[in-house]
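Counting in this note's numbering, the sequence shown runs from 119 upward without gaps. In this text, a Cβ means the ideal position worked out from N, Cα and C, and glycines have one as well. Predicted, not measured: the structure shown is a model, and the values here were computed from it. Below is one structure, written out as structure tokens; the observations come after it.
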Amino acid sequence: PEASSQAAQAALDELDAGGDFGQVIIRCYARMSQVLQQERGLEREKAMTPAEFERKLGRMGFPGKPLAVLTRLFERVRYGAGEAGEAEVQQAVESLGAIVAFCQEGKAGA
119 PEASSQAAQA ALDELDAGGD FGQVIIRCYA RMSQVLQQER GLEREKAMTP AEFERKLGRM
179 GFPGKPLAVL TRLFERVRYG AGEAGEAEVQ QAVESLGAIV AFCQEGKAGA
């Protein structure tokens, strides 16, 4: 949980420093990817879409709702014309925290 709270705090600090909401969401997704690689050795293949990666992780037992929320938010701000606000950033931060916590719990229990 310490790393998940650190990741969430980093996103909130970026907002306090005037960071763009959409960029904060993109960074949350990037942080999730980094944690998955470091904690579990999992990487999204270059040809794999975020949605395909989400489905793969879901089949592996990762928490579905946080994955879906963070993936949809990421896709919306990265590929679409979707705007992001404080509520979306909060959802991204909470989802990232849940995914990081899941990674750490699984590793601690191994």
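(request) Report the rounded CA-to-CA distance for residue 169 versus residue 204, giving the unit in angstroms. (result) 23 Å
(request) Flag this pair as yes or no: are the beta carbons of residue 188 and residue 221 separated by less than 9 Å? (result) no
(request) Excluding the 5 residues preceding and the 5 following residue 182 in the sequence, name in chain order all residues of the same chain whose CB lies nearer than 6 Å to its CB. (result) Setting aside the 5 residues that flank it on each side, residue 182 is surrounded in the same chain by 176, each with a C-beta closer than 6 Å to its C-beta; the list follows chain order.
(message) So, for residue 206: in the same chain, excluding its five sequence neighbours on each side, which residues have a beta-carbon less than 7 Å away from its beta-carbon?
(response) 139, 143 and 191
(request) Compute the Euclidean distance between the alpha carbons of residue 217 and residue 155, then round it to the nearest angstrom. (result) Looking at the two C-alpha atoms, the distance is approximately 12 Å.
(request) For residue 159, collect the residues of the same chain with a Cβ closer than 8 Å to its Cβ; drop the 5 residues on either side in sequence, then sort them by chain order. (result) none
(request) May I have the straight-line CA-CA distance separating residue 180 from residue 195, to the nearest angstrom? (result) 23 Å
(request) Pull up the distance between the alpha-carbon of residue 210 and that of residue 202, whole angstroms please. (result) Taking the straight line joining both Cα atoms gives about 10 Å.
(message) Helix, strand or coil for residue 174? Go by DSSP, reduced to three states.
(response) If DSSP states are grouped into helix, strand and coil, residue 174 belongs with the helices.
(request) Measure the C-alpha to C-alpha separation of residue 166 and residue 212 and round it to an integer number of angstroms. (result) Straight-line Cα distance between these residues: approximately 24 Å.
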